[in-house]
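Written below as structure tokens is the structure these notes are about.
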Amino acid sequence: MKAVAVLRSISKVTNLTPKIAVVGQISARALSTSQRAFSIAPELTQALTREIQAEQQLSQENLGGSSAPAFQGFNIATKDAEVRLTKQFGKESILVVFNVNHSVDMDDDYEDEAQQEALPVPVAMPPFTVEITKGDDRLCFHLELVESVDVQGEYDFRVEEFYVAPAAKDGNEDVAAEIYASSGKYIDPDLHDLLFVRYLEERGFDAQFCKTLVAFATHYEHSQYVGLLNKIKAFVTK
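Numbered as in the UniProt record's numbering, the sequence shown ends at 238 without a single skipped number.
The following block contains the structure:
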């Protein structure tokens, strides 16, 4: 539903005398462009309106309408495609950041109509970062969401990268390129369990958090898509 095909016609110029033919070409092209602008805009507007209505109905039936899922214990702030979650844990300030751009993976395996009806809403699974700040330092994790191998509809995360960096100052959250970061794939199994599982679970990053993140991201990404369609419609009808 997210593709709108636009067919363009090329006008042909009749054979005239050389001097008149040049003028005729320019006039014909200008007229053709004008006709396209006046003919395509209403058709495109109608298509956008239908798509917006269909997506809104889909949201109402499958995503709970305008009410996004809540993150227990976190404060939520959004800016366009970016979502930021914050909370305090003792002396620690915890920040979670993710972006819903390109977070929906359309599975090519679901091509027939029956499969598409079974999965009416593409699920958003954005990568996210967790920063735990204490004093002048922050412990950072870059994580990927993965589907649970044990329970359908459940999710988990895997640590792609982790490092310690100076705490953000004056709103500057950038991490210097010279900061050493290690891959999460090659850590000792005991450290994996203690740091990646139990340490993060203690701070609320568990299977339930992952499930909520997927639900929230799916709802929010869909609302951003509908918002984009509305912006395009407003632009076309100016």
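Glycine included, C-beta positions come from ideal geometry on N, C-alpha and C.
Cβ neighbours of V97 within its own chain (closer than 6 Å, five residues either side excluded): R84, T129. In the same chain as P127, and ignoring 5 residues on each side of it, the C-beta atoms closer than 6 Å to its own belong to E144, in chain order. For L63, there is no enclosing beta strand (DSSP E), as DSSP marks it with neither H nor E. The DSSP-derived three-state label of H142 is strand. Residue burial annotation: T218 is buried, with at least 16 other C-beta atoms found within 10 angstroms of its C-beta.
In the three-state scheme derived from DSSP, where H, G and I count as helix and E and B as strand, Y186 is classed as helix. Counting the other Cβ atoms within 10 Å of the Cβ of M125 gives 16 or more, which makes it buried.
C-alpha of H192 to C-alpha of G204: approximately 17 Å in a straight line. Judged by pairs of C-beta atoms under 8 Å, the stretch 51-68 does not touch the stretch 177-192, as fewer than three such pairs exist. For T237, there is no enclosing beta strand (DSSP E), as DSSP marks it with neither H nor E. Boundaries of the beta strand (DSSP E) harbouring R84: 82-89, taken from the DSSP string. Judged by DSSP secondary structure, E92 falls within the beta strand (DSSP E) whose first and last residues are 92-99.
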